[in-house]
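Participant: This is the structure I have questions about; it appears just below.
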Amino acid sequence: MPTAIGIDLGTTRCCVGIWRNDRVEIIPNEEGNPFTPSYVSFTETEWLIGDAAMRKAARDPSNTVFNVKRLLGRAFSDPGIQADIAHVPYEVFEKDMKPHIRVRYRGNTKEFSPEEVFSLILTKMKEIAQSYLGSIVTSAVITVPAHFNLSQRQTTKDAGTMAGLKVLRVLSETSACAATYRVDRWNARDHNVLIFDLGGGSLSVSLVTAHESGVLDVQANAGDAHLGGEDFDDRLVQHFSAEFKRNHRVDLSGNHRALRRLRIACERAKRTLSSAMKTTVMVDGLYEGIDFETSLTRGSFEDLCDDLFRRTLDPIDSVLRDAKIHKSQVDEVILVGGSTRIPRIGRLVSEFFDGKELNRSMNTDEAVTCGAAIQAAILAGATSEKTQGVLLLDVAPVSLGIETTGGAMTPIIKRHSTVPTKKSQMFTTTSNNQPGVFVQVYEGVHAKAKDNNLVGRFVISGLSPAPRGVPRIEVTFDMDANDRLVVSATDKGSGKSQTISISSDVRGLSRKEMEAMSAEAEGYYREAAERKAAKKSLEAYASSLETAIVELQNALGRATLLMNAGKDISAEVYRHRQQAMEEAAETAMRKLSGSATSQQGERSGRRVSDEKYIRSWQLSPV
Amino acid sequence: LVTAVVAWTKEDHEIFDLVSAVEKSEGKGTNFYSWLDVPHTASTAQISKAYRKKSLQLHPDKNKGVKDAHERFARLGVVAAILRDPAKRERYDFFYKNGVPVWRGTGYYYSRFRPGLGTVLTFLVIITSG
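Here the protein sequences come in this chain order: H and D.
What the first sequence shows, in the numbering used here, is residues 2 to 623, in sequence order.
What the second sequence shows, in the numbering used here, is residues 2 to 131, in sequence order.
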């Protein structure tokens with residue numbers, strides 16, 4: 002059996018585990034820690050990953066990369082990204098519309114994409130597992146927040162592939178927790194489980210129905226990509242920098258080293274406050290020899306973060322709404338993720354469920370890794386009795402559909418549909434004699450296509466001319482358990498069809514492809530126009546030839562009549578007749594050549610202005 | 002029934018297609034209920050239960066390398082989604098009781114097998130010459 006590991010790829014830290022001897026073993030790194038910080042630091046000689054990189058963060062902030070997960074698979078123009086960039090000390094710039102990172106490495110400036118940084122971290126996690134297991138690791142299950150869309154999942158998968166891993170599945174963190182729950186604490190009756198995972202960077206909430214047979218049926222997911230421990234730390238850092246400014250008239254902003262040290266102190270204070278009511282925040286020589294020391298109570302921490310804490314309840318609300326389940330029907334509420342240690346969070350969740358007792362029996366930090374390891378074992382073909390009955394019916398994280406008339410988004414696979422799934426829908430054209438259709442595939446829940454994420458597009462050209470609304474174009478979305486989406490469209494009239502597999506490179510058509518396509522379209526149009534013009538010209542020539550022939554025949558007929566008429570006809574009459582015949586022949590010839598030239602000028606194809614033109618090939622639902 | 006013919010919707014056509022597909026892959030005479038192994042009077046909870054049980058058999062994760070596992074499971078999901086939605090189930094039940102129409106309306110055939118000009122001409126020639 003190939004060795005398959007489970008990796009929890011967190012915003013702030015990662016963890017790796019393996020299913021062995023009927024249980025999950027969490028694999029410690031070379032420093033003996035079960036968790037490896039998601040930090041990569043670039044130096045003059047090498048790159049450092051994990052603990053070593055985190056230690057470098059304060060000394061060399063501009064070359065130490067962290068929080069990359071928040072940049073993954075998103076557009077640079079995303080307002081969320083902009084807010085994140087403002088918070089990080091390293092340089093983030095735009096390349097191909099996506100955020101990239103620029104650092105100094107070995108004396109040179111080097112650029113990395115977020116997935117490249119991720120692949121470095123994943124390589125590290127693979128090495129940790131290999132040195133612990135003493136064998137080669139070939140494949141892995143990697144977890145991501147439940148709200149990650151297709152592009153983000155694909156990018157994560159690519160990072161795994163770059164790290165030399167066969168990615169068996171990109172699994173939602175909360176679904177992983179469900180698998181852990183299923184294996185660890187099984188009770189054989191149907192019940193609804195709500196999983197609340199508040200980690201360092203994001204919040205995921207899932208509602209899963211656990212069935213007596215062992216099937217875990219995910220009903221709905223929701224989350225907040227920007228809510229977690231890091232945000233609470235940010236609040237504290239802001240608060241104390243303001244305090245420092247008041248007391249010492251020194252602005253810390255821009256001083257990354259000081260801010261980094263303050264942040265470490267704040268994080269420590271936050272953790273302490275999960276058990277203590279009061280703590281001290283202390284940084285020696287925070288700025289030019291000025292020490293910083295202040296106290297923080299649990300109450301004031303809760304006040305500072307109150308709005309953030311309350312925001313954690315919104316995804317619970319939407320999950321219950323989407324799953325059509327009342328909060329009283331939830332049998333178990335499971336809290337996982339480091340930030341659920343904050344007492345106020347637990348109280349808020351419990352109050353939401355009318356004082357329900359929360360299930361904290363799972364290991365807050367390791368539950369996700371355990372689930373990933375279990376799923377990895379199942380997918381790699383493990384035959385453990387404990388994993389035998391486990392089946393995770395996961396759902397599509399976002400709606401998938403195409404753009405239709407007026408820029409509307411028509412979903413074909415709706416959010417929260419169990420995958421794998423396959424759905425088809427009929428569409429038609431929006432204008433008369435529309436020569437093709439432009440199929441644009443989007444993911445997202447917004448009603449306007451442009452507010453969603455474009456994941457691919459293609460064209461079917463060469464439709465037979467028909468009035469609008471007549472052609473039938475069947476669009477099929479086929480999605481497998483690995484979030485791989487295949488979209489195909491078939492014109493029922495001509496039988497023409499196109500299929501694309503949605504991959505991570507979702508910028509869609511490049512400029513060049515667009516030009517090639519429009520050239521094809523133009524070619525098609527010109528060909529059709531030429532054919533039409535040529536036919537018309539031929540018809541005209543034939544008809545004038547026919548007229549000419551008739552006239553000539555008439556003239557010939559009269560001449561024959563004259564020739565057969567007898568002797569008493571003067572030379573003058575014969576001459577006159579010949580002249581008339583010559584005239585008729587000449588007119589006919591002139592007419593023929595004239596009609597041929599007059600047709601020349603009319604031949605014209607419609608001028609096609611590439612992209613804009615193809616964009617007008619819209620679809621509308623039947 | 003005539004009004005029903007006129008009123009067949011996109012959802013009905015989806016059901017027709019699905020009925021044919023299920024029969025083709027699961028054997029003749031298989032309907033949505035018999036496939037899930039529940040009586041047609043089953044409650045939504047029973048259907049969900051049966052669906053999950055069936056998933057365990059059909060899910061591609063449990064059928065590594067089986068060729069049509071993906072197709073069959075995908076179909077099961079759509080079938081279950083119809084039976085778990087009261088409005089859609091009502092539509093299906095109508096056809097379950099009355100049978101799926103043999104003639105599904107010209108629009109149905111037109112949209113599925115939209116004939117090309119050539120086919121139509123050939124067809125007309127055959128009709129008129131007969």
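Glycine residues also receive a C-beta, built at the ideal position from the N, C-alpha and C atoms.
Assign Gly402(H) to one of three DSSP states: helix, strand, or coil.
Facilitator: Your numbering for residue 402(H) matches position 401 in the first sequence. In the structure shown, Gly402(H) sits in a strand (DSSP, three-state: E or B).
Participant: Contact between the stretch 158–174 of chain H and the stretch 116–124 of chain H: three or more CB pairs below 8 Å?
Facilitator: yes
Participant: Could you tell me the alpha carbon to alpha carbon distance between Ala59(H) and Val350(H), rounded to whole angstroms?
Facilitator: On the first sequence, position 58 is the one that residue 59(H) refers to. On the first sequence, position 349 is the one that residue 350(H) refers to. Using only the alpha carbons, I get a separation of about 35 Å.
Participant: With a CB to CB cut of under 7 Å and the five nearest residues on each side skipped, what residues in its chain are close to Thr598(H)?
Facilitator: Mapped onto the first sequence, residue 598(H) falls at position 597. Any reading at Thr598(H) is ruled out, since the residue's pLDDT is 49, under 50, leaving its predicted position unreliable.
Participant: Check the Cβ-Cβ distances between Ala482(H) and every residue of chain D, and say whether any is below 8 Å.
Facilitator: Working through the first sequence from its first residue, we reach residue 482(H) at position 481. Yes, its Cβ sits closer than 8 Å to a Cβ of chain D.
Participant: Return the chain-ordered list of same chain residues with a C-beta closer than 7 Å to the C-beta of Ser49(D), the five sequence neighbours on each side being excluded.
Facilitator: What you label residue 49(D) is simply residue 48 of the second sequence in a count that begins at 1. Closer than 7 Å at the Cβ level, and outside the excluded window around Ser49(D), lie Arg85.
Participant: I want to see whether chain H comes within less than 8 Å of Lys29(D), judged by CB atoms only; does it?
Facilitator: For this step, residue 29(D) is matched to residue 28 along the second sequence. No - not a single Cβ of chain H is within 8 Å of the one on Lys29(D).
Participant: Would you report the Cα separation of Leu253(H) and Asn222(H), rounded to the nearest angstrom?
Facilitator: Within the first sequence, numbered from 1, the residue matching residue 253(H) stands at position 252. Within the first sequence, numbered from 1, the residue matching residue 222(H) stands at position 221. Each residue's alpha carbon lies about 39 Å from the other.
Participant: To the nearest angstrom, how far is it from the Cα of Ser432(H) to the Cα of Ile413(H)?
Facilitator: Position 431 of the first sequence, counted from the first residue, corresponds to residue 432(H). Position 412 of the first sequence, counted from the first residue, corresponds to residue 413(H). Going from the Cα of Ser432(H) to the Cα of Ile413(H) covers about 23 Å.
Participant: What in chain H is Cβ-close to Lys89(D), meaning under 7 Å?
Facilitator: Residue numbering aside, residue 89(D) sits at position 88 when the second sequence is read from its first letter. Chain H residues near Lys89(D): none, gap ~13 Å exceeds 7 Å.
Participant: If I measure Cβ to Cβ from Ile326(H) and keep anything under 8 Å in the same chain, skipping five residues before and after, which residues do I get?
Facilitator: By one-based count along the first sequence, residue 326(H) stands at place 325. Asn193, Leu208, Gln220, listed in sequence order.
Participant: Report yes or no: do three or more beta-carbon pairs, one from the stretch 244–253 of chain H and one from the stretch 193–204 of chain H, lie closer than 8 Å?
Facilitator: no
Participant: Less than 7 Å between C-beta atoms, sequence neighbours within five positions excluded: which residues of the same chain meet that for Asn32(D)?
Facilitator: Counting from 1 along the second sequence, the entry for residue 32(D) is found at position 31. Within the same chain, Asn32(D) has close Cβ partners Tyr97.
Participant: Would you give the residue range spanned by the beta strand (DSSP E) that Met283(H) belongs to?
Facilitator: Taking the first residue of the first sequence as 1, we reach residue 283(H) at position 282. 279–288 is the span of the beta strand (DSSP E), which, as asked, contains Met283(H).
Participant: Is there a Cβ from chain D that is less than 8 Å from the Cβ of Lys387(H)?
Facilitator: Along the first sequence, one-based indexing puts residue 387(H) at 386. Judged by the 8 Å Cβ criterion, Lys387(H) is not in contact with chain D.
Participant: Given a threshold of 16 other Cβ atoms within 10 Å of its Cβ, counted over all protein chains shown, does Gly202(H) qualify as buried or as exposed?
Facilitator: To locate residue 202(H), count along the first sequence from 1; it is residue 201. Label assigned to Gly202(H): buried.
Participant: If the cut is a Cβ gap below 8 Å, which residues of chain D does Leu394(H) touch?
Facilitator: For the purposes of this step, residue 394(H) is taken as the residue at position 393 of the first sequence. Ordered by position in chain D, the residues that pass the 8 Å Cβ test against Leu394(H) are Arg53, Ser56, His60.
Participant: So, do the stretch 8–17 of chain H and the stretch 369–386 of chain H have three or more beta carbon pairs nearer to each other than 8 Å?
Facilitator: yes
Participant: Under a CB-based cut-off of 8 Å, is Glu12(D) close to chain H?
Facilitator: Translated into the one-based positions of the second sequence, residue 12(D) becomes position 11. Using a CB distance cut-off of 8 Å, Glu12(D) does not count as an interface residue toward chain H.
Participant: If we cut at 8 Å on Cβ distances, does Asp1(H) have a partner in chain D?
Facilitator: The structure shown does not extend to residue 1(H), since chain H is modelled only from 2 through 623, so no value can be given for it.
Participant: Which two residues bound the contiguous beta strand (DSSP E) that contains Gly7(H)?
Facilitator: Within the first sequence, the letter at position 6 stands for residue 7(H). It spans 5–10 - the beta strand (DSSP E) in which Gly7(H) sits, taken as one unbroken run.
Participant: Does chain H have any CB closer than 8 Å to the CB of His41(D)?
Facilitator: Taking the second sequence and counting its residues from 1, one reaches residue 41(D) at position 40. No, His41(D) lies away from the interface with chain H (no Cβ there is under 8 Å from its Cβ).
Participant: Taking Ser26(D) as the reference, give the member of Ala82(D), His71(D), Ile128(D) with the closest Cα.
Facilitator: Indexing the second sequence from 1 puts residue 26(D) at position 25. Ranking Ala82(D), His71(D), Ile128(D) by Cα distance to Ser26(D) puts His71(D) first.
Participant: Taking the Cβ atom as the reference point for each residue, do Lys449(H) and Ala409(H) lie within a distance shorter than 8 Å?
Facilitator: As a first step, residue 449(H) is located in the first sequence; it is residue number 448 there, counting from the start. As a first step, residue 409(H) is located in the first sequence; it is residue number 408 there, counting from the start. Yes, they are a contact pair.
Participant: Any beta carbon from chain D within less than 8 Å of Arg512(H)'s own beta carbon?
Facilitator: For the purposes of this step, residue 512(H) is taken as the residue at position 511 of the first sequence. Residue confidence for Arg512(H) is low, a pLDDT of 45 falling below 50, so the modelled location carries little weight; the figure read from the coordinates is stated next. By this cut-off, Arg512(H) is not an interface position.
Participant: What are the residues of the stretch 373–384 of chain H that lie near chain D, defined by any Cβ-Cβ distance shorter than 7 Å?
Facilitator: Those residues of the stretch 373–384 of chain H that come within reach of chain D (Cβ to Cβ, closer than 7 Å) are Ile379, Leu380, Gly382.
Participant: Nearest to Asp23(H) by alpha carbon, out of Glu386(H), Ala277(H), Glu352(H)?
Facilitator: Counted from its first residue, the first sequence places residue 23(H) at position 22. Selected option, being the one with the closest Cα: Glu386(H).
Participant: Quick one: is Ala381(H) buried, meaning 16 or more other Cβ sit within 10 Å of its Cβ, or exposed?
Facilitator: As a first step, residue 381(H) is located in the first sequence; it is residue number 380 there, counting from the start. By the 10 Å Cβ count, Ala381(H) comes out buried.
Participant: Pull up the CB-CB distance for Met363(H) and Val334(H), whole angstroms please, since I reckon it's below 8 Å.
Facilitator: As a working mapping, residue 363(H) is identified with position 362 in the first sequence. As a working mapping, residue 334(H) is identified with position 333 in the first sequence. Incorrect: roughly 12 Å between the Cβ atoms, too far for contact.
Participant: Quick one: is Val17(H) buried, meaning 16 or more other Cβ sit within 10 Å of its Cβ, or exposed?
Facilitator: Indexing the first sequence from 1 puts residue 17(H) at position 16. So Val17(H) counts as buried.
Participant: Closer than 7 Å by C-beta to Phe94(H): which residues in its own chain qualify, once you throw out the five before and the five after it? Chain order, please.
Facilitator: Counting from one through the first sequence, the residue named residue 94(H) turns up at place 93. Excluding residues within five positions, the ones whose Cβ falls inside 7 Å are His101, Arg103.
Participant: Only counting runs of 4 or more residues, tell me where the alpha helix (DSSP H) segments fall wholly within the stretch 135–194 of chain H, in order along the chain.
Facilitator: 151–163, 174–185
Participant: I'd like to know if Lys423(H) contacts chain D, where contact means its C-beta is closer than 8 Å to some C-beta of that chain.
Facilitator: The sequence position of residue 423(H) within the first sequence is 422, counting from 1. So, interface residue.
Participant: Which residues share a DSSP beta bridge with Trp20(H)?
Facilitator: Counting from one through the first sequence, the residue named residue 20(H) turns up at place 19. DSSP, once it has assigned bridges, lists Val25(H) as partnering Trp20(H).
Participant: Does the CB of Val23(D) have a neighbour CB from chain H at under 8 Å?
Facilitator: Counting from one through the second sequence, the residue named residue 23(D) turns up at place 22. With 8 Å as the cut-off, Val23(D) does not count as an interface residue toward chain H.
Participant: Tell me whether Met126(H) sits in a helix, a strand or coil according to DSSP, three-state version.
Facilitator: If you number the first sequence from 1, residue 126(H) lands on position 125. Correct three-state label for Met126(H): helix.
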